[in-house]
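Undergrad:
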Amino acid sequence: MKIAYVCHARFPTEKAYGLQIAQVCQAMGRLGHDVTLLAPTVRNTIHDDAFTYYGVERCFTVEHLEHVDLTSWDWFPGFWRMPITGLLFRSTMYRRLRALQPDIVYLRNWQLLPKDRDLLSKTILELHTVPRLPTARLLRRFAQCKKIVCLTAAMQQELLQLGVPQNLLTVEHDGVDTSAYQNPAPFTTWKFPADRPVIGYVGSLLTQNTLEKGIPELIHAIAVLKERGLKPHCCIVGGPRSAQTLYMNMATTLGLTPQECAFYERLHPSLVPGFLRACRVLAYPAPASQHPYYIRYTSPLKLFEYCAADRSIACADLPPLRDVVNERSVTLCKPGDAASLADAISAALNEDLAAKSAERLRIANEHDWQERMKRVLK
Numbered sequence: 001m002k003i004a005y006v007c008h009a010r011f012p013t014e015k016a017y018g019l020q021i022a023q024v025c026q027a028m029g030r031l032g033h034d035v036t037l038l039a040p041t042v043r044n045t046i047h048d049d050a051f052t053y054y055g056v057e058r059c060f061t062v063e064h065l066e067h068v069d070l071t072s073w074d075w076f077p078g079f080w081r082m083p084i085t086g087l088l089f090r091s092t093m094y095r096r097l098r099a100l101q102p103d104i105v106y107l108r109n110w111q112l113l114p115k116d117r118d119l120l121s122k123t124i125l126e127l128h129t130v131p132r133l134p135t136a137r138l139l140r141r142f143a144q145c146k147k148i149v150c151l152t153a154a155m156q157q158e159l160l161q162l163g164v165p166q167n168l169l170t171v172e173h174d175g176v177d178t179s180a181y182q183n184p185a186p187f188t189t190w191k192f193p194a195d196r197p198v199i200g201y202v203g204s205l206l207t208q209n210t211l212e213k214g215i216p217e218l219i220h221a222i223a224v225l226k227e228r229g230l231k232p233h234c235c236i237v238g239g240p241r242s243a244q245t246l247y248m249n250m251a252t253t254l255g256l257t258p259q260e261c262a263f264y265e266r267l268h269p270s271l272v273p274g275f276l277r278a279c280r281v282l283a284y285p286a287p288a289s290q291h292p293y294y295i296r297y298t299s300p301l302k303l304f305e306y307c308a309a310d311r312s313i314a315c316a317d318l319p320p321l322r323d324v325v326n327e328r329s330v331t332l333c334k335p336g337d338a339a340s341l342a343d344a345i346s347a348a349l350n351e352d353l354a355a356k357s358a359e360r361l362r363i364a365n366e367h368d369w370q371e372r373m374k375r376v377l378k
């Protein structure tokens, strides 16, 4: 099929959504589809192309549509830059879609739903959040889509309660490129202490720009383990740099040295499998929060990468994650509780790696990007 995937924001980007988009397009290209990714032309500090930046195959096309980019006009009122730039992009996008005449329009932002009924009937909408106050008009447009992909079961239930027809909805979590984990190259970028088990975390330190990802809980958990006489080496990889600096200061205040808690900036995706395999335990922490992201919408890429790496996992017990993992695959802990996370890390350090291996690999294989996109497009 001819598929047009529309990205609504800066691409490539250091944020997780960019990697997810690149992986989805790669998966559809590997399946033999003719995939064109349409993205806005906006100011970007990343100068590599998407294929180099994300380490994905050149099996799809990326088009940056020409339009006026108000984000580069420093003199223009900041509040209006993104909304007006978005309107200009949408106008250009609709013209390009009509020229491309794709069999499928793939969106991950409901605000880009086309008004053209023919295009709308070809649209697969992958939702990562549900609109807070959806209008009746928007819900009618949802009902006209070809398919709506929900990232979690809780999101599907929310849409059902809003009256979206059940036959349109399917649940597909994020995924992982399992082929990258078959024989990853040994990780040599950093040297780890030989006498300490490595606790790893890879991913953004914040989500949606301001929401915590549980890094304070992880740092405090390492401090708890130190008090108990254990000597792990916690390696936290990710940005933004402002958050990293804040957390480094937190670790120092708690008396943790770089031997005990080290911070590194973004790894190239091609190096992530080797890094994860070099760790003894992989941590997925989370704060105690009732924010919709934690209780309904989160489906993190890193959890599937952790499973593909086949290492012991200490994981916060968040409701959406129960769609995917349980005690047979990970060691669960209470969100927002550093002592509980420390207990989970300690238990994971002591468990036989093989004990949960089969279940972890089953999860990874089931959520391989190509298997996921086969199900979405069938």
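To convert, note that position 138 of the sequence shown is 138 in the numbering used here; the numbers rise steadily by one, no gaps. We treat Cβ as the ideally placed atom computed from N, Cα and C, and that holds for glycine. All values reported here derive from a predicted model rather than from experimental measurement.
(1) CA-CA distance, leucine 301 and threonine 210?
(2) So threonine 331 is in the beta strand (DSSP E); what residue range does that whole segment cover?
(3) Measure the C-alpha to C-alpha separation of alanine 9 and leucine 318 and round it to an integer number of angstroms.
(4) What is the DSSP secondary structure of tyrosine 204, reduced to helix, strand or coil?
(5) According to DSSP, is threonine 13 part of a helix, a strand, or is it coil?
(6) Roughly how many angstroms separate the alpha carbons of leucine 206 and alanine 288, rounded to a whole number?
(7) In chain order, what residues of the same chain have a beta carbon less than 6 Å from the beta carbon of arginine 372, not counting five sequence neighbours either side?
(8) For histidine 8, which of helix, strand or coil comes out of DSSP?
(9) What is the rounded straight-line gap between the Cα of aspartate 195 and the Cα of histidine 233?
(10) On a Cα-Cα basis, can you pick out the residue from Ala16, Tyr5, Thr13, Gln26 that is closest to tryptophan 369?
(11) Grouping DSSP H, G and I as helix and E and B as strand, with all else coil, what is phenylalanine 263?
(12) Assign tryptophan 190 to buried or exposed, taking buried as 16 or more other Cβ atoms, counted over all protein chains shown, within 10 Å of its Cβ.
(13) Starting from the Cα of phenylalanine 89, find the closest Cα among Lys213, Tyr264, Gln161, Leu38 and give me that residue.
(14) Output the distance between the C-alpha atoms of isoleucine 236 and tyrosine 247, rounded to the nearest integer angstrom.
(15) Taking the alpha carbon of lysine 231 as the point to measure from, which residue in Ile295, Gln259, Ile219 has its own alpha carbon closest?
(16) Are the CB atoms of proline 102 and histidine 64 nearer to each other than 9 Å?
(17) Using only CA atoms, which one of Glu366, Ile313, Glu126, His367 lies nearest to alanine 342?
(18) Give me whichever residues DSSP pairs with cysteine 234 in a beta bridge.
(19) Excluding the 5 residues flanking valine 164 on each side, which residues of the same chain have their C-beta closer than 6 Å to its C-beta?
(20) Mind reading off the beta-carbon distance from tyrosine 106 to glutamate 126? Whole number of angstroms is fine, and I expect it under 8 Å.
(21) Under the three-state reduction of DSSP, which class applies to histidine 64: helix, strand or coil?
(22) Around the Cβ of glutamine 244, are there at least 16 other Cβ atoms within 10 angstroms (buried) or fewer (exposed)?
(23) Is serine 179 helix, strand or coil when you go by DSSP?
(24) Return the residue from the list Ala286, Thr61, Arg375 that minimises the CA-CA distance to tyrosine 5.
(25) Find out if the Cβ-Cβ distance for the pair arginine 375, alanine 154 is shorter than 9 Å.
(26) Nearest-angstrom Cα distance between arginine 132 and proline 114?
(27) What is the rounded straight-line gap between the Cα of cysteine 7 and the Cα of arginine 108?
(28) Mapping DSSP to helix, strand and coil, what is proline 134?
(29) Going by other Cβ atoms of all chains shown within 10 Å of its Cβ, with 16 needed for buried, is serine 379 buried or exposed?
(30) Helix, strand or coil for valine 24, going by three-state DSSP, please let me know.
(31) Quick check on the DSSP output: what are the complete beta strand (DSSP E) runs of length 3 or more inside the stretch 278-361, in order along the chain?
(32) If you follow the beta strand (DSSP E) that lysine 147 is part of, which residue opens it and which one closes it?
(33) Since aspartate 174 sits in a beta bridge, which residues does DSSP pair it with?
(34) Cβ atoms of serine 357 and aspartate 323: under 9 Å apart, would you say?
(35) Check the DSSP bridge columns for proline 40 and list the partner residues they point to.
(36) Given this structure, state the Cα-to-Cα distance separating aspartate 177 from arginine 362, to the nearest angstrom.
TA: In short:
(1) Taking the first residue of the sequence shown as 1, we reach residue 301 at position 301. Taking the first residue of the sequence shown as 1, we reach residue 210 at position 210. In a straight line, the C-alpha of leucine 301 is about 19 Å away from that of threonine 210.
(2) Numbered from its first residue, the sequence shown carries residue 331 at position 331. Where threonine 331 is concerned, the enclosing beta strand (DSSP E) stretches over 331-333.
(3) Reading the sequence shown from its first residue, position 9 is the one you call residue 9. Reading the sequence shown from its first residue, position 318 is the one you call residue 318. Straight-line Cα distance between these residues: approximately 28 Å.
(4) Mapped onto the sequence shown, residue 204 falls at position 204. It is worth fixing the name first, because residue 204 is serine in this sequence and not tyrosine. In the structure shown, serine 204 sits in coil (DSSP, three-state: anything other than H, G, I, E or B).
(5) Locating residue 13 in the sequence shown gives position 13, counting from the first residue. Three-state result, threonine 13: coil.
(6) By one-based count along the sequence shown, residue 206 stands at place 206. By one-based count along the sequence shown, residue 288 stands at place 288. About 15 Å.
(7) For the purposes of this step, residue 372 is taken as residue 372 along the sequence shown, with counting starting at 1. These residues qualify, in order along the chain: Glu172, Gly175.
(8) One-based indexing of the sequence shown puts residue 8 at position 8. DSSP places histidine 8 in coil when its eight states are reduced to three.
(9) Translated into positions along the sequence shown, residue 195 becomes position 195. Translated into positions along the sequence shown, residue 233 becomes position 233. So the two alpha carbons sit approximately 9 Å from each other.
(10) Residue numbering aside, residue 369 sits at position 369 when the sequence shown is read from its first letter. With distances taken between Cα atoms, tryptophan 369 lies closest to Gln26.
(11) As a position in the sequence shown, residue 263 is number 263, starting the count at 1. Note: phenylalanine 263 maps to strand in three-state DSSP.
(12) Looking up residue 190 in the sequence shown gives position 190. Label assigned to tryptophan 190: exposed.
(13) Residue 89 sits at position 89 when you count from the first residue of the sequence shown. Selected option, being the one with the closest Cα: Leu38.
(14) As a position in the sequence shown, residue 236 is number 236, starting the count at 1. As a position in the sequence shown, residue 247 is number 247, starting the count at 1. So the two alpha carbons sit approximately 10 Å from each other.
(15) Taking the sequence shown and counting its residues from 1, the one referred to as residue 231 is at position 231. When each option's Cα is compared against that of lysine 231, the closest is Gln259.
(16) Taking the sequence shown and counting its residues from 1, the one referred to as residue 102 is at position 102. Taking the sequence shown and counting its residues from 1, the one referred to as residue 64 is at position 64. In this structure, histidine 64 does not lie closer than 9 Å to proline 102 by Cβ.
(17) As a first step, residue 342 must be located in the sequence shown, where it is residue number 342. Looking at the Cα atoms, Ile313 is the closest of the given residues.
(18) One-based indexing of the sequence shown puts residue 234 at position 234. The partner list for cysteine 234 (beta bridge, DSSP) reads Ile199, Cys261.
(19) As a first step, residue 164 must be located in the sequence shown, where it is residue number 164. Within the same chain, valine 164 has close Cβ partners Phe142.
(20) Locating residue 106 in the sequence shown gives position 106, where the first residue counts as 1. Locating residue 126 in the sequence shown gives position 126, where the first residue counts as 1. The Cβ separation is near 7 Å, so the contact holds.
(21) By one-based count along the sequence shown, residue 64 stands at place 64. Of the three classes helix, strand and coil, the one that applies to histidine 64 here is strand, per DSSP.
(22) Sequence index remark: in the sequence shown, residue 244 carries index 244 (1-based). Buried, because 16 or more other Cβ atoms sit within 10 Å of the Cβ of glutamine 244.
(23) Working through the sequence shown from its first residue, we reach residue 179 at position 179. Residue state, collapsed to three classes: helix.
(24) Along the sequence shown, read from residue 1 onward, the residue named residue 5 stands at position 5. Looking at the Cα atoms, Thr61 is the closest of the given residues.
(25) Taking the sequence shown and counting its residues from 1, the one referred to as residue 375 is at position 375. Taking the sequence shown and counting its residues from 1, the one referred to as residue 154 is at position 154. No. Outside cutoff.
(26) In the sequence shown, the residue the question calls residue 132 occupies position 132. In the sequence shown, the residue the question calls residue 114 occupies position 114. Distance between the alpha carbons of arginine 132 and proline 114 is about 20 Å.
(27) The residue given as residue 7 occupies position 7 in the sequence shown. The residue given as residue 108 occupies position 108 in the sequence shown. Looking at the two C-alpha atoms, the distance is approximately 7 Å.
(28) Taking the sequence shown and counting its residues from 1, the one referred to as residue 134 is at position 134. Note: proline 134 maps to coil in three-state DSSP.
(29) No information on residue 379 is available, as it lies outside the stretch 1 to 378 that the chain covers here.
(30) Translated into the one-based positions of the sequence shown, residue 24 becomes position 24. In the structure shown, valine 24 sits in a helix (DSSP, three-state: H, G or I).
(31) 281-284, 312-316, 331-333
(32) Residue numbering aside, residue 147 sits at position 147 when the sequence shown is read from its first letter. From DSSP, the beta strand (DSSP E) with lysine 147 extends over 147-150.
(33) In the sequence shown, counting from the first residue as 1, residue 174 sits at position 174. According to DSSP, aspartate 174 bridges with nothing at all.
(34) Locating residue 323 in the sequence shown gives position 323, counting from the first residue. Locating residue 357 in the sequence shown gives position 357, counting from the first residue. No, the pair does not count as a contact, with Cβ atoms beyond the cut-off.
(35) Numbered from its first residue, the sequence shown carries residue 40 at position 40. For proline 40, which the question treats as bridged, DSSP gives the partners Leu65.
(36) Position 177 of the sequence shown, counted from the first residue, corresponds to residue 177. Position 362 of the sequence shown, counted from the first residue, corresponds to residue 362. Rounded to the nearest angstrom, the two C-alpha atoms are 13 Å apart.
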